[in-house]
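Participant:
4 protein chains.
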Amino acid sequence: MRKKDETKEPRILDATAEIILKEGAAAVSTVKVAKHVGISQSNVYLYFKDKDDLIMSVYRRELNKIDATGDLELATDQSIPVAKRVRGYIKAVYDFALANPDSLTLIQQVKFLLGQHDTNPFEDYPEHENVVISVLQEAIDAGVIKPVPVSLLMSMVFSVIHTHTLNLQKNRYASNDYDFETFYSLIWGGMKQE
Amino acid sequence: MRKKDETKEPRILDATAEIILKEGAAAVSTVKVAKHVGISQSNVYLYFKDKDDLIMSVYRRELNKIDATGDLELATDQSIPVAKRVRGYIKAVYDFALANPDSLTLIQQVKFLLGQHDTNPFEDYPEHENVVISVLQEAIDAGVIKPVPVSLLMSMVFSVIHTHTLNLQKNRYASNDYDFETFYSLIWGGMKQE
Amino acid sequence: MRKKDETKEPRILDATAEIILKEGAAAVSTVKVAKHVGISQSNVYLYFKDKDDLIMSVYRRELNKIDATGDLELATDQSIPVAKRVRGYIKAVYDFALANPDSLTLIQQVKFLLGQHDTNPFEDYPEHENVVISVLQEAIDAGVIKPVPVSLLMSMVFSVIHTHTLNLQKNRYASNDYDFETFYSLIWGGMKQE
Amino acid sequence: MRKKDETKEPRILDATAEIILKEGAAAVSTVKVAKHVGISQSNVYLYFKDKDDLIMSVYRRELNKIDATGDLELATDQSIPVAKRVRGYIKAVYDFALANPDSLTLIQQVKFLLGQHDTNPFEDYPEHENVVISVLQEAIDAGVIKPVPVSLLMSMVFSVIHTHTLNLQKNRYASNDYDFETFYSLIWGGMKQE
DNA sequence: TATGAATGAGTGTTCATTCAT
DNA sequence: AATGAATGAACACTCATTCAT
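Right, dumping it as structure tokens:
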């Protein structure tokens, strides 16, 4: 499908994301999306094969935003000590979550819609998975962090940071009440091998 | 009068839970549920006011299971040092999650269906909330654990343990590969004030 | 069907009538009726063959009330001058309508439910019809009232008196603001041959 | 885009009206209507917001027909003596009813469905109401007609004329057996002040 | 590219009716 | 006589999707 109006596809995705955030992924319908964007319902099908494609596109777009931020690269630099690289990974997630406060929620919503229940939304995203998993695994092998399933560690990282962003959005506290070190020490204190 | 089939209500709830686990809460429909149970669709409405009631009943049933296990009581015993009580709380969640491997997933699914995004499913369950929150808050006040938002701590506990049960269900490792101490040290190491 | 509780059948009819008056005949359902009476839905079927029978019974009961008042007999007395007998008929309808302010409404509602549109609800009730028709026809033949279709005359009588009772129920004026003579002169003035 | 079928909306309204006339307003269902028109059930919702809108549209269409005939204007002409204007009003209703023999029935059916019991269907139609009420009220004030509630007079006019059209439809007599003067004298004879 | 029209399958829900107790 | 349980058919309504323009 060729597109003339370059802004329309993202606008459709934006509308979809908005609905997901407000009403949950299950509440998405092409009718609602079209109404939000101000286009006809059938127009959606020019940009997305079907509803599934639409929702998965929202999902993929959020995942791509992570790549775009690119902070993870630090974690792959083999010349840096592994503990610092783990910290780099946590920092990358933290920065990303603050910069894109809805991303984690969107990703989780879509996954829950599909009936999968992983607490760690990044799990099935190969590129990151590999980077993150290998850093953590290295750290485990080096005796720097505890020998526990990597998925547990990732889940811990994401749940803590995601909860933080949700708290911020709900104005449960001010954004400068806690800084990265707070969350880092919470996470690192748990995983580090003593 | 026809005698009441005492097993039917739970069977309907079971079918609903099964669908939620397999396809996600959004995929629940009265038709599917009825077909699962082998009754007519309208029969569902004899046991549940409407679809919402049905889904909320699944939700409530899981929450009640937590009460039934009652392990949390240890955490409220003021004569025990607060650090031990925090451990008691973590143990209670752990035991419950292992005994009811689907509960956390069911609860999260229902909450996600409603469009809420809390990582911690116990949050809106007053009784537990109060107990857990007050124990953690006490521990913070006593300088035993780090002064971070209680919601972060709870979310950490749940995500780690939930991920563990999911891993077990997916046969990612054997159930005796890791024991409670593994998860406790992971969590406690993070939250404890050093 | 034999009935033990002699009061139950009328109570069911009362409930049905109440619903008809409040929500219209189309809104009657056995569920609602049973709930109103405080019995089980299926119990209704012990007293009435089906929903149609129930509604028609309400209808018939109202028609029977007219017979019970028996004021019409005056109209049949051949020894009385026909003009007086016409007056007797109008008076009978008037008295009946005031004594049973809901009857005409109930009858009309049922007829409208069935999709018939006669303005004169008594039309298909043989006994009265005969009496009334023959009095009016006699009056026409005697040159006392205008030679118009009898149905028009009856419809005029009923609509005027019915509207009056509705006005009273809606408190549009007090019940002693107008008396029988008002309506009689309105009706009689129209039909009488000058 | 598929070109709009201009005839479809009226065809849906026609089908609905037909059902109302044959089976009563309570018997209208979107399935029946669609089947009548030969379209899919959901197509009805492209033209009418919901079933209520559909039925009210039938109602409104009939009321608009009255405006379209516009004969009532004569009744508002202040330069004409009030008695003549009352006659103009009655004539307008008569002409309208003959030209649109189903209109009064349709209007009444819809009103009865809504559970209202007014005998006079024009009552809640502000424009006409105002015109008619004020003419009649003027006539009362001028001592030309009897001082009775206006609603009674209107109800008399409508019931007589409506019954006439029903009689015609049922072939109870030929359309030229009676003319306007018959009904006018019946009505006017009743209301006029002597 | 874009749209309005159309549809068929689906949803939740109500209800009249039957049946076994 | 009375009831709770059960059902199947109906209903209003929504939605994903297709098609002709």
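Sequence order for the protein chains is E, V, H and Z. If you're matching positions, the first sequence starts at 1 in the UniProt record's numbering and goes up one per residue. If you're matching positions, the second sequence starts at 1 in the UniProt record's numbering and goes up one per residue. If you're matching positions, the third sequence starts at 1 in the UniProt record's numbering and goes up one per residue. If you're matching positions, the fourth sequence starts at 1 in the UniProt record's numbering and goes up one per residue. Where a beta carbon is used, it is the ideal one built from N, C-alpha and C, also for glycine. If you're wondering where the values come from, they're calculated on a predicted model, not measured in any experiment.
1) Opposite V:I80 in the DSSP bridges: which residues?
2) Considering only residues of the same chain and omitting the five flanking positions on each side of Z:M56, which have a CB-CB separation below 8 Å?
3) Kindly indicate which three-state DSSP category Z:K35 falls into: helix, strand or coil?
4) Can you find the residues in the same chain that come closer than 6 Å, C-beta to C-beta, to V:A25, ignoring five residues on each side of it along the sequence?
5) Buried or exposed: V:V44, going by 16 or more other Cβ atoms within 10 Å of its Cβ?
6) Mind pulling the alpha helix (DSSP H) runs of 4 or more residues that sit fully within the UniProt domain "HTH tetR-type" (6-66) of chain E?
7) With 16 as the cutoff for other CB atoms within 10 Å, does H:T16 come out buried or exposed?
8) In whole angstroms, what separates the C-alpha of V:Q77 from that of V:N167?
9) Going by CA-CA distance only, name the one from V:L13, V:G88, V:A142 that's closest to V:A34.
10) Can you pull out the residues from the segment 161-176 of chain E whose beta carbon lies closer than 8 Å to at least one beta carbon of chain V?
11) Flag this pair as yes or no: are the beta carbons of E:F158 and E:V58 separated by less than 9 Å?
12) Span of the alpha helix (DSSP H) holding V:S175?
13) Against chain Z, with Cβ distances strictly below 9 Å, would H:V148 count as a contact?
14) Please name the residue or residues paired with V:I145 in a DSSP beta bridge.
15) Excluding five sequence neighbours on each side, which residues of the same chain lie with their C-beta closer than 7 Å to the C-beta of V:R172?
16) Just checking: is the beta-carbon of E:S79 within a distance shorter than 9 Å of some beta-carbon in chain V?
17) Specify, as a first and last residue, the run of the alpha helix (DSSP H) that residue 201 of chain E falls within.
18) Rounding to the nearest angstrom, what Cα-Cα distance links E:R11 and E:L104 in this structure?
19) Leaving out five residues before and five after E:A97 in sequence, what residues of the same chain have Cβ atoms less than 8 Å from its Cβ?
20) Alpha carbon to alpha carbon, what distance is there between H:S29 and Z:L106?
21) Just checking my contact of E:T182 with V:V148 at CB under 8 Å: how many whole Å lie between their CB atoms?
22) What does a CB cutoff of less than 6 Å around Z:N100 pick up in its chain, not counting 5 residues either side in sequence?
23) Using a Cβ-Cβ cutoff of less than 7 Å, which residues in the same chain neighbour H:S40 once the five nearest sequence positions on both sides are dropped?
24) Leaving out five residues on either side along the sequence, give the residues of the same chain with a beta carbon under 8 Å from the beta carbon of E:S87.
25) So which residues of chain Z does H:I187 contact, with C-beta pairs closer than 9 Å?
26) Measuring only the C-alpha atoms, how far is V:D53 from V:Y47?
27) In chain order, what residues of the same chain have a beta carbon less than 7 Å from the beta carbon of Z:Q137, not counting five sequence neighbours either side?
28) Verify whether the separation of the beta carbon atoms of Z:D67 and Z:K91 is less than 9 Å.
29) For Z:Y178, decide whether its Cβ has a neighbour in chain H, counting only Cβ atoms nearer than 9 Å.
30) Report yes if the CB atom of E:K192 is closer than 9 Å to the CB atom of E:A75, and no otherwise.
31) Expressed to the nearest angstrom, what Euclidean distance is found between the alpha-carbon atoms of Z:M156 and H:M156?
32) What would DSSP say about H:D71, mapped onto helix, strand or coil?
33) What distance in whole Å lies between the Cβ atoms of E:D95 and E:T69, which are believed to be in contact at a cut-off of 8 Å?
34) Just checking my contact of E:V131 with E:M154 at CB under 8 Å: how many whole Å lie between their CB atoms?
35) So with Cβ pairs under 9 Å, would you call E:T182 a contact of chain V?
36) To which residues of the same chain is V:V31 closer than 6 Å at the C-beta, ignoring the five residues directly before and after it?
Facilitator: In this structure, then:
1) Answer is none; V:I80 lacks a bridge partner.
2) Within the same chain, V110 come within 8 Å of Z:M56 by CB-CB distance, once the 5 residues on both sides are set aside.
3) Helix at Z:K35.
4) Excluding residues within five positions, the ones whose Cβ falls inside 6 Å are Q109, V110, L113.
5) So V:V44 counts as buried.
6) As for any alpha helix (DSSP H) of minimum length 4 sitting wholly inside the UniProt domain "HTH tetR-type" (6-66) of chain E, the runs are 8-23, 30-37, 44-47, ordered along the chain.
7) With 16 or more other Cβ atoms within 10 Å, it is buried.
8) Residue identity check: residue 77 of chain V is Asp in the sequence provided, not Gln. Rounded to the nearest whole angstrom, the CA to CA distance from V:D77 to V:N167 is 33 Å.
9) Residue V:L13 is the option with its Cα nearest to V:A34.
10) The segment 161-176 of chain E vs chain V, Cβ under 8 Å: H162, T163, H164, L166, N167, R172, Y173.
11) The Cβ atoms of E:F158 and E:V58 lie no closer than 9 Å to each other.
12) Per DSSP, V:S175 lies in no alpha helix (DSSP H) and is assigned neither H nor E.
13) At a cut-off of 9 Å between C-beta atoms, H:V148 counts as an interface residue with respect to chain Z.
14) Per DSSP, V:K192.
15) Listed in chain order, the non-local C-beta contacts of V:R172 below 7 Å within the same chain number zero, local neighbours out to five positions each way being set aside.
16) No, because no Cβ of chain V sits closer than 9 Å to the Cβ of E:S79.
17) Here chain E has residues from 1 to 194 only, and residue 201 of chain E is not among them.
18) Taking the straight line from one Cα to the other gives about 20 Å.
19) Within the same chain, Cβ atoms closer than 8 Å to the Cβ of E:A97 are found at S103, L104, I161, H162, H164, T165, the five residues on either side in sequence being excluded.
20) So the two alpha carbons sit approximately 24 Å from each other.
21) Indeed they touch by this definition, with Cβ atoms about 6 Å apart.
22) Excluding positions up to five away in sequence, the list reads K65.
23) Result list for H:S40: A34, in chain order.
24) With the sequence shown as reference, residue 87 of chain E is identified as Arg, and Ser is not the correct amino acid for it. Listed in chain order, the non-local C-beta contacts of E:R87 below 8 Å within the same chain comprise Y184, W188, local neighbours out to five positions each way being set aside.
25) Proximity of chain Z to H:I187 at the Cβ level (cut-off 9 Å) is accounted for by M156, G190, in chain order.
26) Answer to the nearest angstrom: the Cα atoms are 9 Å apart.
27) Around Z:Q137: V150.
28) The answer is no: Cβ separation not under 9 Å.
29) Yes, because at least one Cβ of chain H sits closer than 9 Å to the Cβ of Z:Y178.
30) Cβ atoms of E:K192 and E:A75: not closer than 9 Å.
31) Their Cα atoms are separated by approximately 6 Å.
32) Reduced to three states, the DSSP call for H:D71 is coil.
33) About 7 Å separates the beta carbon of E:T69 from that of E:D95, a gap short enough to meet the 8 Å contact definition.
34) No, E:V131 and E:M154 are not in contact; Cβ-Cβ is about 11 Å, not under 8 Å.
35) Interface residue (Cβ-Cβ distance to chain V less than 9 Å): E:T182 is classified as such.
36) Contacts found: Q41.
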